[in-house]
Amino acid sequence: MPRWESDAQGRLQRAALELFETQGFERTSVAQIARTAGLTERSFYRYFPDKREVLFAGDELQAHLVAQVEAADPGLTPIEALLTAIGTADEIFRPREFLLRRVRVIAASPALAERDLIKLADIADALARTLERRGVEPGKARFIIDVAIAVSRRATSRWLAEPDATLSELVAQTATELREAVAPPTSTVG
Numbered sequence: 021m022p023r024w025e026s027d028a029q030g031r032l033q034r035a036a037l038e039l040f041e042t043q044g045f046e047r048t049s050v051a052q053i054a055r056t057a058g059l060t061e062r063s064f065y066r067y068f069p070d071k072r073e074v075l076f077a078g079d080e081l082q083a084h085l086v087a088q089v090e091a092a093d094p095g096l097t098p099i100e101a102l103l104t105a106i107g108t109a110d111e112i113f114r115p116r117e118f119l120l121r122r123v124r125v126i127a128a129s130p131a132l133a134e135r136d137l138i139k140l141a142d143i144a145d146a147l148a149r150t151l152e153r154r155g156v157e158p159g160k161a162r163f164i165i166d167v168a169i170a171v172s173r174r175a176t177s178r179w180l181a182e183p184d185a186t187l188s189e190l191v192a193q194t195a196t197e198l199r200e201a202v203a204p205p206t207s208t209v210g
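Per this note's numbering, the very first residue in the sequence shown carries number 21; after that it's consecutive.
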């Protein structure tokens, strides 16, 4: 019988990631994950409803982003409030290397990619409700969320690849690039 140790949830997540990397998501069983973590299958199911959820557990990111938008200066535009919140997400992320490995595993598995999209949709729904509480019309809130998610994806992929940059800096840089692409600076012809 495996012996109890602290951080069972974290150990299960690390074991799952390692197994998904080495043998693939589809060929990895819950029993293997639990055994690699030194726990029982029953312990696994105390933390996760299924093996897909092991890489998506917890609503920390969603809760963090919603709290940041709720606490944002009322003078900020909705997109500014969202981008500022996204720029602080690295405060709750695991170490960058874990996230980079996780991204690769998700990209290699259609089942995990699907779960990733579902989780992103849940976050988008929560943020849309948060913007609506700030007085943003629902359709406009969804549009703003979609734009912010696009900025977030590009900035996050850069953050994972550029260890010296902060997520906040890369969110700001990406937002500037978007503004320039949509409304390029006017040139003066003299």
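Cβ coordinates follow ideal geometry from the N, Cα and C atoms, glycine included.
request  = Taking 8 Å as the cut-off, decide whether the C-beta atoms of isoleucine 242 and glutamine 82 are in contact.
outcome  = Only positions 21 to 210 of the chain appear in this structure, which leaves residue 242 out of reach.
query = So glycine 107 and serine 188 are in contact, right, with Cβ under 8 Å, and what is the actual spacing, rounded?
reply = Between serine 188 and glycine 107 the Cβ distance is about 3 Å, and since that is below 8 Å, they are a contact.
Sequence-distant residues of its chain with Cβ nearer than 6 Å to arginine 162 (five each side left out) = Closer than 6 Å at the Cβ level, and outside the excluded window around arginine 162, lie Ala148.
ask   = Is the number of C-beta pairs between the stretch 24-36 and the stretch 50-57 that are closer than 8 Å three or more?
value = The stretch 24-36, when compared against the stretch 50-57, does touch it at the 8 Å Cβ threshold.
message = Measuring only the C-alpha atoms, how far is arginine 174 from glutamate 111?
response = Taking the straight line joining both Cα atoms gives about 18 Å.
key: Collapsed DSSP secondary structure at aspartate 3 in the structure displayed   = This structure cannot speak to residue 3, because the chain is shown only from 21 to 210.
message = Suppose you measure from the CA of serine 49 to the CA of serine 26; what does that come to, to the nearest Å?
response = Straight across, the Cα-Cα distance linking serine 49 with serine 26 is about 22 Å.
query = alpha helix (DSSP H) containing alanine 161: first to last residue?
reply = For alanine 161, the enclosing alpha helix (DSSP H) covers residues 158-181.
query = Anyone know if the C-beta pair for arginine 121 and glutamate 41 falls short of 8 Å?
reply = Arginine 121 places its beta carbon less than 8 Å from that of glutamate 41.
key: 8 Å CB neighbourhood of arginine 153 in its chain, flanking five on each side removed   = Contacts found: Glu90.
request  = Within its chain, find whatever has a CB closer than 7 Å to the CB of glutamate 236; leave out the 5 residues flanking it on each side and keep chain order.
outcome  = Nothing can be reported for residue 236, as the shown portion of the chain is limited to 21 through 210.
query = Where does alanine 201 sit, in a helix, a strand or coil, going by DSSP?
reply = Three-state DSSP puts alanine 201 in a helix.
inquiry  = Between the alpha carbons of glutamate 117 and proline 130, how many angstroms are there, rounded?
reply    = Cα to Cα, the separation comes out at about 22 Å.
message = Contact between the stretch 197-206 and the stretch 123-140 is defined here as three or more beta-carbon pairs at a separation below 8 Å; is this criterion met?
response = The stretch 197-206 is not in contact with the stretch 123-140.
Ranges of the beta strand (DSSP E) found wholly within the stretch 52-98, counting only runs of at least 3 = The stretch 52-98 contains no whole beta strand (DSSP E) run of 3 or more residues.
inquiry  = Assuming arginine 124 and phenylalanine 76 are in contact, meaning their beta carbons sit under 8 Å apart, how far apart are those beta carbons, in whole angstroms?
reply    = Between phenylalanine 76 and arginine 124 the Cβ distance is about 15 Å, and since that is not below 8 Å, they are no contact.
ask   = From isoleucine 169 to serine 63, what does the alpha carbon distance come to, in whole angstroms?
value = When rounded, the distance between both Cα atoms is 34 Å.
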